[in-house]
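Residue numbers (the working numbering), protein chains in the order written: chain A, 280 to 590; chain B, 156 to 552.
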Amino acid sequence: MSTKLKDLVKKEDVLTSGHRLCAGCGAPVAVRQILMGAPDDVELVVANPTGCLEVSTTIYPYSSWNASYIHCAFENVASTLSGSEAAYRSLKKQGKIKDDYRFVAFGGDGGTYDIGLQALSGALERGHRMVYVCYNNEAYMNTGIQRSGATMKGAWTSTSPHGKDSYGKTENRKDLTGIVAAHNIPYVAQASISNWRDVVKKAQKAFAADGPSFINILAPCHRGWRYPMEETIELARLAVQTCVWPLYEIENGKWNLTTKPKEKKPVEEYLKPQGRFAHLFKDENREVLKSIQEYVDKDWERIKRLCGETE
Amino acid sequence: MAVINSKTVAIVGNEAVAEAMRQINPDVVAAYPITPQTDIVQAFSAIAADGLVDTELVNVESEHSAMSACIGAASSGARVMTATCSQGLGLMWELLYIASGLRLPMVMPNVNRSLSAPINIHCDHSDSMGARDSGWIQLFSENAQEAYDNIIQAVRISEHPDVYLPVMVLMDGFIISHAVDRVDLIDDEKVKNFVGERNAPFTMLDPNNPVCVGPFVHSYYFEFKRQQEEAMANALPVIKNVSDEFEKISGRTYGLFETLGMEDAEFAVIAQGSGAGTIRHQVECLRSNGIRAGMIKLRSFRPFPAEELIKALSGVKTVAVFDRSTTFAGGMGGPVFNELRSSFYEQEAKPLMVNYVYGLGGRDLSVELVKKAMEEILEMNSSGKAEQKINYLGLRE
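Structure representation (structure tokens):
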């Protein structure tokens with residue numbers, strides 16, 4: 280399948296314009312890039328847990344989706360879609376339906392890292408053929424910027440505010456991509472909306488996988504991260520360039536680094552433009568900045584090692 | 156494990172349910188094991204493993220995911236079943252409302268078991284009563300035969316275009332689920348014809364007509380909920396009609412409730428579930444002694460057949476309601492008592508009404524206990540007074 284822009288732009292949008300996500304939101308960019316990787320000859324069922332993407336694209340009696348769509352609850356998009364996929368297999372096997380379908384879930388980090396983790400793990404273990412995409416903006420944005428398991432250490436959120444006794448979130452994020460990879464499913468990847476061709480390639484592989492596949496895609500939120508709305512793609516790019524968000528894939532168990540930054544930028548270049556990290560640049564928080572850089576360095580070395588880039 | 160094409164068999168209630176599931180041959184079953192429902196999932200897994208059904212069996216990692224998968228599957232046009240009880244039903248709570256709110260037909264046996272704490276695996280009706288406002292149809296069963304029959308009828312009720320609501324078939328934990336009972340099975344072909352095929356008006360798997368299931372609704376929410384209430388009311392005649400049709404293939408009569416001696420009864424006892432058997436025995440004993448006792452065994456708790464019950468009870472002076480759960484409203488008794496009592500509010504002639512809360516956590520409802528209660532009811536009926544409105548039968552006090 281082509282990843283040429285001149286071919287991709289000819290694809291019909293599954294998520295149409297007119298939705299009510301914020302201007303500058305990373306989520307619809309992630310959705311469109313991923314769905315550019317969907318095969319042309321199949322029908323789609325799209326699913327969302329409760330969240331920004333859901334409330335902004337399905338305001339009754341309208342829908343922004345040019346495909347069948349289901350929203351059930353917050354913590355169960357993976358199990359809801361499991362049921363749809365099982366129904367598809369059953370009806371197809373019985374000859375009750377003819378068309379080919381693919382199933383794709385778009386969950387935020389709240390609905391994936393945290394409350395939806397059990398349902399996701401169950402669906403992966405059972406082997407349902409679905410593409411699960413976590414559009415990761417590192418906090419519960421729909422309810423007003425509360426911390427999640429994806430939030431970086433040091434970040435201000437409305438439930439991890441910085442104050443006299445606090446520098447913001449005190450814990451590092453969890454490695455969800457690693458947790459998913461431990462399920463030994465056919466395809467797992469980390470992606471960023473700044474690297475669109477990489478996203479499309481990964482989506483093509485995810486849709487082609489004969490089993491569950493998972494893409495964790497960084498999709499910045501200017502409301503929650505506190506930066507000017509036109510800088511969304513730039514922030515996503517800085518996350519990759521500083522190795523805060525390494526881009527890699529795990530194809531049938533084989534780790535592969537898909538983007539190697541020419542020059543690894545200091546993490547401060549990524550943190551500085553974001554209001555959620557502004558307090559870290561005060562003198563008393565210098566140690567926190569240092570510890571974030573150490574965490575990123577260590578994680579980057581680990582990923583490189585797993586990808587066979589270093590011994 | 157599966158019993159094929161035999162007529163009369165001796166099986167436990169859970170096997171009877173699994174047998175009904177085999178005959179219905181649902182497109183998808185998503186379930187999670189929990190005592191005392193486990194044998195249903197086990198027996199059906201064996202049926203699926205032997206290739207006796209077309210069902211895709213989804214062995215989910217929780218009841219929450221069981222109901223979620225059922226919602227996803229039913230939205231995709233599949234005929235769907237699951238089974239649960241107690242804590243499992245509790246874990247499904249938010250999804251119960253979503254299944255009914257999305258107007259998705261599905262059938263779920265709930266093997267009634269008490270709710271923790273303290274933890275207890277035995278029968279009472281607290282679990283399903285907790286879901287009484289969730290928009291599910293709830294049908295009680297007295298024994299394995301009724302559980303089997305209810306499951307088959309539930310498919311038709313749930314998928315009726317005037318209804319489109321999920322149905323919970325209630326059967327007492329252990330007493331029905333684990334006791335060997337005589338069950339008359341209907342021929343496979345007859346069941347197949349009776350349930351027919353699901354014909355969903357909308358499905359996510361129709362490429363010419365993609366649908367948006369579960370949209371974000373601000374301004375029409377109230378209207379959706381009003382329609383749901385209407386669907387539940389519509390279920391009353393549908394339950395009766397399906398029961399009439401079912402009689403033709405089974406010879407067994409159901410309807411909304413069963414009556415005994417109500418044509419001349421002076422006082423009546425109301426019960427649901429397996430306790431009805433013990434109570435019926437006592438009512439029959441009294442009647443053979445010339446005492447005009449009557450009984451109503453409630454089958455349909457949701458929808459609640461208020462008008463029909465008022466009519467059936469119009470001639471009695473005293474009504475005693477047996478509840479296998481309580482409302483924790485602070486001494487107001489059980490749910491059936493409260494709803495029946497409320498139903499009589501507009502009536503000129505109101506019977507004396509008392510409540511017997513019994514059998515919580517599997518406390519046995521013995522013949523002696525029912526006999527003791529009957530003596531008290533008889534006394535109240537002749538004095539026209541109830542010293543105690545809410546009674547706890549068989550409680551150590």
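Even glycine gets a Cβ: it sits at the ideal position worked out from N, Cα and C.
Source: prediction; values computed, not measured.
By the rule that beta-carbons nearer than 8 angstroms mark a contact, Glu333 (chain A) touches chain B. Ala448 (chain B) counts as buried, since no fewer than 16 other beta carbons sit within 10 angstroms of its beta carbon. For a cut-off of 8 angstroms, the C-beta gap from Gly285 (chain B) to Gln383 (chain B) is around 19 angstroms, too long to register as a contact. Rounded to the nearest angstrom, the Cβ distance from Val318 (chain B) to Ala390 (chain B) is 5 angstroms, consistent with a contact under 8 angstroms.
Among the bridge pairs identified by DSSP, Gly374 (chain A) is matched with none. Lys526 (chain B) has its alpha-carbon roughly 17 angstroms from the corresponding atom of Gln427 (chain B). Interface flag for Ile226 (chain B) against chain A is set, since a Cβ pair is found closer than 8 angstroms. For Arg584 (chain A), the number of other beta carbons within 10 angstroms of its own is below 16, and it is reported as exposed.
The straight-line gap separating the alpha-carbon atoms of Arg353 (chain B) and Glu503 (chain B) is approximately 45 angstroms. Contact of Val324 (chain A) with chain B by beta-carbon distance below 8 angstroms involves Ser231, Met359 and Leu360. By the Cβ test, the segment 241-260 of chain B is in contact with the segment 210-228 of chain B, since at least three Cβ pairs between them sit closer than 8 angstroms. Membership of Met284 (chain B) in the alpha helix (DSSP H) is indicated by the continuous run Ser281 to Gly285. At least one CB of chain A lies nearer than 8 angstroms to the CB of Val213 (chain B). For Asn267 (chain B), the uninterrupted beta strand (DSSP E) run begins and ends at Val262 to Asn267, by DSSP.
Judged by their CB atoms, Arg555 (chain A) and Gly503 (chain A) are nearer to each other than the 8 angstroms cut-off. Assignment of Asn363 (chain B) by DSSP, reduced to helix, strand and coil, places it in the coil class.
Short of 6 angstroms from the beta carbon of Pro188 (chain B), and not among the five residues preceding or following it, lie these beta carbons of its own chain, in chain order: Val196. Not one beta carbon of chain A lies nearer than 8 angstroms to the beta carbon of Glu344 (chain B). Listed in chain order, the positions of the segment 360-376 of chain B with a beta carbon within less than 7 angstroms of a beta carbon of chain A are Leu360, Pro362, Pro365, Val366, Cys367, Val368, Gly369, Pro370, Phe371, Val372 and Tyr375. Excluding residues up to 5 positions away in sequence, Asp339 and Leu340 lie with their Cβ nearer than 7 angstroms to the Cβ of Lys162 (chain B) in the same chain. Excluding five sequence positions before and after Asn564 (chain A), the CB atoms of its chain that fall closer than 7 angstroms to its own CB belong to Tyr446 and His558, given in chain order.
Between Gly401 (chain A) and Ala185 (chain B), the C-beta spacing is not below 8 angstroms. Below the 8 angstroms Cβ cutoff, chain B contributes no neighbours of Asn474 (chain A), its closest Cβ being approximately 30 angstroms away.
Assigned with DSSP and collapsed to three states, Cys413 (chain A) falls in strand. Residue burial is scored here from C-beta neighbours: Gly168 (chain B) has at least 16 other C-beta atoms within 10 angstroms and is therefore classed as buried. In this structure the segment 457-466 of chain A touches the segment 394-408 of chain A; the number of beta carbon pairs closer than 8 angstroms is three or more. In chain order, Thr282 place their CB closer than 6 angstroms to the CB of Arg476 (chain A), counting only its own chain and leaving out the 5 sequence neighbours on each side. Interface annotation, Val183 (chain B): in contact with chain A, CB-CB separation under 8 angstroms. Thr430 (chain A) counts as buried, since at least 16 other C-beta atoms from the protein chains shown sit within 10 angstroms of its C-beta. Under the DSSP assignment, Asp327 (chain B) falls in the beta strand (DSSP E) whose first and last residues are Val322 to Asp327.
Listed in chain order, the beta strand (DSSP E) runs fully inside the segment 332-377 of chain B are 335-339, counting runs of at least 3 residues.
Within chain A, Cys351 and Ala352 have C-beta atoms less than 7 angstroms from the C-beta of Ile253 (chain B), given in sequence order. When 9 angstroms is used as the limit between beta carbons, Lys290 (chain A) is near no residue of chain B, the shortest such separation being about 17 angstroms. A residue is called buried when at least 16 other Cβ atoms come within 10 angstroms of its Cβ; Pro370 (chain B) meets this threshold and is buried.
Neighbours of Glu216 (chain B) across chain A, judged by C-beta separation under 9 angstroms: Ser358, Gln397, Ala398, Ser400, Gly401, Ala402, Glu404 and Arg405.
When only Cα atoms are considered, Ile571 (chain A) and Asp361 (chain B) end up about 50 angstroms apart.
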